[in-house]
Structure formats: structure tokens, C-alpha cells
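First up is the structure itself, then whatever we jot down about it.
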Amino acid sequence: MGGISGFLTKFSPFTNLFESILEKIPIKLPIPLEKMVSYVSYPRTGRHLQRYDNRGFRLVVGCIPYRYKKLEDQASSNEEEIEVLVISAQNGKGMLFPKGGWENDESMEDAAIRETLEEAGVLGIIECKLGKWSYKSKRQSIFHEGHMFPLLVKKELDLWPEKNIRERKWVTISKAREECPHLWMKEALEELVRRHVQPATDEKVN
1 MGGISGFLTK FSPFTNLFES ILEKIPIKLP IPLEKMVSYV SYPRTGRHLQ RYDNRGFRLV
61 VGCIPYRYKK LEDQASSNEE EIEVLVISAQ NGKGMLFPKG GWENDESMED AAIRETLEEA
121 GVLGIIECKL GKWSYKSKRQ SIFHEGHMFP LLVKKELDLW PEKNIRERKW VTISKAREEC
181 PHLWMKEALE ELVRRHVQPA TDEKVN
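Counted from 1, the sequence shown has number 58 at position 58 by full-length UniProt numbering; the numbering is strictly sequential.
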């Protein structure tokens, strides 16, 4: 506790801003406020804590941030009533969902929340995992195992660690399918749609 508190003291103007923002959110966050603020104040760099599985695959976690166009909706019979948040890829090719390395000192859910906060600047309620996918990185030519979660967004921050290097935007499900270049992320998106879009019921014939 002392270590984190000491660190936050050094960055008090920045952390006080985010504390005031986070304290206004009318939900119970999945992780402590101080820990969330430290994510914003001190984004992680390097891969010395990176997890790998027994095959040598790098373990990656992320979220599909989503919201309903109508705030009162909690389920929909039409996928176009749901919007998802996508961010620009660092190489400038296409839009994708926030994700990054799962590290040794955090749970899978905490890592997914952290990456989403760092890359997309949103907070919300993390839900049950959508699944896992194995894929090969085109940039680094190494294999990854990706785990994705839905995140029902409750707050969008005006400042976040990667604000200056990424664009973020809300899009429809169909637009996300078009713009995301990664098959495994598209499959995660389809699982989110399957869970949150209620199938239309046939009208009864008298």
C-alpha cells in the first residue's frame, strides 16, 4: 500500500483528476479505485512480466467495449441497436479492439480492464469471457493466444495514456466487421452479438 501511495503522491495533479472522474461513476468498479488510477497514471511498458503458455504462445487479453444506442435497453432484437468502440491500429491499418499482454502480477480480468483503459480510455462492467483464439502476429511472426471479454461502457475519459497515438470511435456491429482486419477479433464480436441480440420471435398465426 505504501509503495502505491508514494507513487501516486508524485503524480498528484494527474491522479486527483482521475480520482474525481472515477468517483462520479455510479457503479462498483471491478478493481479498487487506487489501482485503477495507478493504471492511468503509470501505463506499463516492456514485457518482463509477460505471460506465456506451455507452447510458448504469448498470452494476450482485451475487451470489446459496447453500449446500447438507447440507454434504457439491456437487450436487443437488432444488432444495429448496439455500438462497439474500436481504436486505430498502431500501424495505421484498420480499426481493432483494445488488447495487450497479460502479465504475471494481475488477473486476466484486471489485465483486460487495464489494456482497455490504456488504449481506449473507457471504464465499465466487464462480463464473462467471450472465448480464446490462437493466432500468429503478422508484425512479429510469433504465436499468441488471445482472450476477449465484453465491457459494457459506463464512462469515457477525456484523457488516457494512448490518447495521442490512437483514434477511437463508436461504430455499428456491421461497420466493425468491415473495419477490423483480424479474423479472431471478428469471431469474438460474433460471440458478443450472439449473447446480446435476442433472436426475433415468429408471430403466432391464429
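A virtual CB, placed ideally from N, CA and C, is assigned to each residue, including glycine. Here the structure is a predicted model, which is why all the values come from computation and not from measurement.
Exercise. Do ALA176 and VAL84 have their C-beta atoms within less than 8 angstroms of each other?
Worked result: Cβ distance < 8 angstroms, so ALA176 and VAL84 count as in contact.
Exercise. If you draw a straight line from the C-alpha of VAL193 to the C-alpha of GLU79, how long is it?
Worked result: When rounded, the distance between both Cα atoms is 7 angstroms.
For this session: Return no unless some Cβ of chain B is closer than 8 angstroms to the Cβ of GLU118.
Result: No chain B appears in this structure, which consists of one protein chain only.
Exercise. Given that a residue counts as buried once 16 or more other Cβ atoms are within 10 Å of its Cβ, and exposed if not, what is PRO181?
Worked result: Exposed, because fewer than 16 other Cβ atoms sit within 10 Å of the Cβ of PRO181.
Exercise. Could you give the distance in angstroms between the alpha-carbon of VAL86 and the alpha-carbon of GLU109?
Worked result: The C-alpha of GLU109 is placed about 19 angstroms away from the C-alpha of VAL86.
Exercise. Apart from the five residues on each side of it in sequence, which residues of its chain come closer than 8 angstroms, Cβ to Cβ, to ASP53?
Worked result: A distance below 8 angstroms between beta-carbons, with the five flanking residues on each side excluded, links ASP53 to the following residues of its chain, in chain order: LEU59, GLU145.
Problem set entry | Reduced DSSP secondary structure (H/G/I, E/B, other) of HIS48 | Here HIS48 sits in coil by DSSP.
For this session: Would you mind sorting HIS147 into buried or exposed? The rule is 16 or more other CB atoms within 10 Å of its CB.
Result: Result: buried.
For this session: Express the C-alpha separation of PRO161 and LYS154 in angstroms, rounding to a whole number.
Result: PRO161 has its alpha-carbon roughly 18 angstroms from the corresponding atom of LYS154.
Exercise. Going by other Cβ atoms of all chains shown within 10 Å of its Cβ, with 16 needed for buried, is HIS196 buried or exposed?
Worked result: With 16 or more Cβ atoms within 10 Å of its Cβ, HIS196 is classed as buried.
Exercise. To the nearest angstrom, how far is it from the Cα of LEU183 to the Cα of ARG166?
Worked result: Our two residues, LEU183 and ARG166, have alpha carbons roughly 21 angstroms apart in a direct line.
Exercise. When burial is assigned at 16 or more other CB atoms within 10 Å of the CB, is LEU117 buried or exposed?
Worked result: When all chains shown are included, LEU117 counts as buried.
For this session: Out of PHE57, GLY121, GLU127, point me to the one whose CA is closest to TRP133's CA.
Result: Nearest of PHE57, GLY121, GLU127 to TRP133, Cα basis: PHE57.
Problem set entry | Span of the beta strand (DSSP E) around ARG139 | Neither: ARG139 is in no beta strand (DSSP E) and is coded neither H nor E.
Exercise. Beta carbon of ILE64: closer than 7 angstroms to some heavy atom of the ligand ADP?
Worked result: Absent from the structure shown: the ligand ADP. Ligands present: none.
Exercise. Around the C-beta of GLU178, are 16 or more other C-beta atoms found within 10 angstroms, so that it is buried, or is it exposed?
Worked result: Answer is exposed; the Cβ neighbour count stays below 16.
Exercise. Around the C-beta of GLY121, are 16 or more other C-beta atoms found within 10 angstroms, so that it is buried, or is it exposed?
Worked result: That one is buried.
For this session: Rank GLU81, LYS138, ARG114 by C-alpha distance to the C-alpha of LYS93 and give the top, closest one.
Result: For the options GLU81, LYS138, ARG114, the alpha carbon positioned closest to that of LYS93 is the one of LYS138.
For this session: Mark LYS99 as exposed unless 16 or more other C-beta atoms lie within 10 angstroms of its C-beta, in which case mark it buried.
Result: Result: buried.
For this session: Label GLY62 either buried or exposed according to how many other C-beta atoms from any shown protein chain fall within 10 Å of its C-beta, with 16 as the threshold for buried.
Result: Buried is the label assigned to GLY62, since at least 16 other Cβ atoms lie within 10 Å of its Cβ.
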